[in-house]
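So the sequence shown is numbered by numbering that gives the first Met the number 0: it starts at 0 and just counts up by one.
Quick reminder that beta carbons are idealized off the backbone N, C-alpha and C, glycines included.
Here is the structure we will look at.
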Amino acid sequence: MHADLTAPEIKRELSELRSICDQIRSKILMYNPQQLIGGLWSTMLMSLISRFDDEGNGSLPNVTADEKHVLFALEYLHATYAAEGLPDTTASKTVDDVILKELLELSEKAITQAFRLGFSSISEHLDNETTSLYQLQSTILTNWVLIRGRRYPVMEEEFLNYVLQPHDAIIRELYDISAPDLAKEIQAAAAAAREGIDRARDVIERLLQKTTDQADSAETSILAILEGGGNMTDEDREQLSSAYDDMMLGGIFNVSKQTSIPHDLLADLCYEAGSEDQFVDGSDFSGTPLQTLPARVRPLVKIDGDYFCTEPNFIRDSLYRALQRAIIARRPEYREDWNRRQKEMSEAAFAELMKSSLHTAKVFSDVYYPIGKKKWAETDGVILIDDVMICLEAKAGSESLAAPSSNMASHVNKIEELVIKAYRQAKRFIEYIYASDEAPLYTKGDDGTFVEVARVRKAELRKVYPIGLTVEAFSPYSAAVKERDDVIAAADQHNFISLSIDDLFVLRRLLSGAGEFLHYLDVRQALAGMKNVNLFDEMDHVGAYISNNRIDQRVRQMVEDEGADYITIDGMQEDILDPYFTHPEWPDCQPPTQKYPVRTQEVLDGLATTAQPGWLSGDSFIRDMSGEGRAQISNQYEKVLPNLAHKVSTYFAVGGEITAVFALIRDNVDPVTTDVIRIAETIAISLKQPNIRLFEISVRPTGNVVGVVSKSVTAPPAVRQDYAELLADAEKIRSKMFAL
């Protein structure tokens, strides 16, 4: 932060924050650690369950502000034990509702005070020229203090299995576990907080039912059975003790208990109690959330011989990078190998993870292009599919571990490196493509020579998506970065998109096929080009797309109608994505999707199956439509379909900014022999439109679509020999038109 820490107001605010945090830590050190963990998590679950019952949608609801205070307190358990040691177990008090309430009230005060101090400090230097920097710093501060949980817990194994696979050999060598097995065990740790209480409850209910059955059989009371020992086996008693530990003593956060992760690895990811010496260091920010919380460095802390992760989000947020540091600490010479392998993994990730959507695309890696006499530049990847080009710049680094309170510049510089650098490199490549009618692409041979592998004609590009890809999500920061005056569209029309490997795992589950994925990128790109419009992260973008389709058009209308200077949109994933990824039956439950009537979906599928040049343009045309427009296509399809019983082709038209003609043609008839193009030409004349979109739909006698071709039909010139005849036909068919 840039504040003058000697200024009286800042000094007072900072002193108050330290005092609050000192109280939190001192109270934590008075009570039994396992009871505190269990008590705080029970408070969280009771709040979630009460709203789960109210909402009744089968999924746990989203965390509220009050519940974030619980997570904050759980973070401070880890920080306190790591930095100041464990309480004296002989003198520690029993946890009750009073201390839990006190800790949550202090946590709320600490969060509020940290934000007040942080925002006042960065506001001191705000002027018209630094508004974008203020927005970026505000995002950094908010993320640092409050934002946790970058992945849905159920996605942990999928993500880690992918990003750790390049390091499988060193992980096996150092820790005697494979990368896939480690990913599975980490998934178990992440899932324990979500599923562990239910498992413990089931054990208790089963044993209670066993006791009830024994009482019924002996025709006596349950109390009598219990007083006699309950006829429980040693295994029953062990299971009951374990269930009690999970429910009441934080056992679900005991990674030693919940997983089979090797001891040596757990030790490398863990702080011994009292061993951390940076958090409480006597500095101005000592012991406050504006410091680097120890769990950001090592997510585990050792309590009574076991390894605990007191706040479940740190498994997701910190473990991958903590593992990286642990491996390099054991094998410093592996640093270069780690960086090289991670770079290669990052550069290949987009095409690999989205291959089900891009299986027909041409993918080029490590593409070179000339930027001057004997000078060459490289872009990490180019993907060509139909009339769309994706330019990829992958960055494998991570955000800064230095606290923004003491080193905001390191955070800004890291974001510059991971987001802005990728933007500039992608922009340079696209400007190369647009500098000539046809641009050659090259790869570098083993002998150092450059070999041409493809040519790109700018006239054939309908859409271009420059994408920066990081390992972890940086979209909250890229939303702030796009406000900078020097961040503009490449070639004045193609806005930059920041995505992460994390994001791709979600996108590939929810967006089906090239058409939907690329249409999502189209909407995403439109929002990326809107200054003063901020969707918090990629999950908000996906939720907004599924629920609103062209959310960019809706936002633009909001700006025009309401004159808003700045729009922030958050929580768009809550009713769309969250119920799916927190559903008890995930992944077997139904994912959220945009809805298409059956016949409209058949047309989209036919376009993808046929995949003739221009098919993505036709696909996007349909996906741009509202629900009403999509329904009209399906309804009109059914209305004209019976005509094929006595005709080789029939059609209907949909009007709008660009009119489309949907021609249904018997599947055994060559479209060239029909008059569908002539019909499209007459409609263009009738509406005085220079171009008409034509969908040639090959249809079986059952009405099912065999294939679809999308074309652009140009209105014929008046000098054409049959123009008068076409003009007369145009008047006849005008009455058949309908508008969206």
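Runs of the beta strand (DSSP E) lying entirely within the stretch 432-484, each at least 3 residues long, are 437-443, 449-456 and 462-469 in chain order. Contact between Ile496 and Arg523 holds, since their C-beta atoms are separated by about 6 Å, short of 8 Å. Restricting attention to Ile36, Val94, Asp96 and Ala6, the CA atom closest to the CA of Thr79 is found in Ile36. Membership of Ala607 in the alpha helix (DSSP H) is indicated by the continuous run Val597 to Thr609. For a cut-off of 8 Å, the C-beta gap from Ile632 to Arg598 is around 7 Å, short enough to register as a contact. Per DSSP, Asp280 is not a residue of any beta strand (DSSP E), being assigned neither H nor E. Under the DSSP definition of a beta bridge, Leu391 partners with Gly380 and Ile466.
At a Cβ-Cβ threshold of 8 Å, Met388 and Val296 do not count as neighbours. Check the Cα spacing between Leu292 and each of Leu135, Asp276 and Phe307: the tightest is with Asp276. Contact between the stretch 587-607 and the stretch 692-707 is present, with at least three C-beta pairs closer than 8 Å. Leaving aside the five residues that flank Val698 on each side, the residues in its chain whose CB is nearer than 7 Å to its CB run, in chain order, Leu643, Leu663, Ile664, Arg665, Asp666, Val704 and Val705.
The beta-carbon distance between Asp245 and Gly195, rounded to whole angstroms, is 5 Å. This is short enough to meet the 8 Å contact definition.
The C-alpha of Val366 is placed about 47 Å away from the C-alpha of Gln635.
Glu107 and His68 have their C-alpha atoms some 6 Å from each other.
Nearest in C-alpha terms to Ile676, of all of Ile9, Val254, Asp728 and Tyr174, is Asp728.
Measuring C-alpha to C-alpha distances from Pro403 to each of Pro288, Thr258, Phe661 and Ser546 identifies Pro288 as the nearest. Within its own chain, the residues whose Cβ lies closer than 7 Å to the Cβ of Ser619, once the five positions on either side in sequence are excluded, are His518 and Asp521, listed in chain order. Arg315 sits away from Pro165, with the two beta carbons spaced by 8 Å or more. Taking Ser399 as the centre and dropping the five residues before and after it, the same chain places the C-beta of Ser409, His410 and Lys413 closer than 6 Å to its C-beta, in chain order. Around the beta carbon of Asn533, 16 or more other beta carbons sit within 10 angstroms, so the residue counts as buried. Segment contact: the stretch 230-245 against the stretch 149-158, fewer than three CB-CB distances shorter than 8 Å; contact not assigned. Burial state of Val671 is exposed, judged by a 10 Å Cβ sphere holding fewer than 16 other Cβ atoms. For Val541 against Ser345, the beta-carbon gap comes to about 21 Å, at or over 8 Å, which does not count as contact.
Val532 is bridged by DSSP to Ile566. For Ile676, the enclosing alpha helix (DSSP H) covers residues Val675 to Leu686.
Within the same chain, Cβ atoms closer than 6 Å to the Cβ of Arg622 are found at His518, the five residues on either side in sequence being excluded. His358 carries a coil assignment under DSSP once its states are collapsed to helix, strand and coil. Within a 10 Å sphere around the beta-carbon of His77 sit 16 or more other beta-carbons, which makes this residue buried.
Residues of the same chain with a CB within less than 8 Å of the CB of Val486, apart from the 5 flanking positions on each side, are Ile419, Tyr422, Val480 and Phe495 in chain order. For Tyr367, the secondary structure class from DSSP, reduced to helix, strand or coil, is strand. The three-state reading of DSSP puts Val558 in helix, counting H, G and I together. The beta-carbon distance between Tyr174 and Leu264, rounded to whole angstroms, is 4 Å. This is short enough to meet the 8 Å contact definition. Between the stretch 184-193 and the stretch 251-261 there are three or more inter-stretch CB-CB distances shorter than 8 Å, so the stretches are counted as touching.
Sequence-distant partners of Leu44 (beyond 5 residues in either direction) whose C-beta falls short of 8 Å from its own C-beta, in its chain, are Ile196.
Beta bridge pairing from DSSP links Gly38 with no other residue. Beyond the five residues adjoining it in sequence on each side, Met571 comes within less than 6 Å, by CB distance, of Asp539, Gly542 and Ala543 in the same chain, given in chain order.
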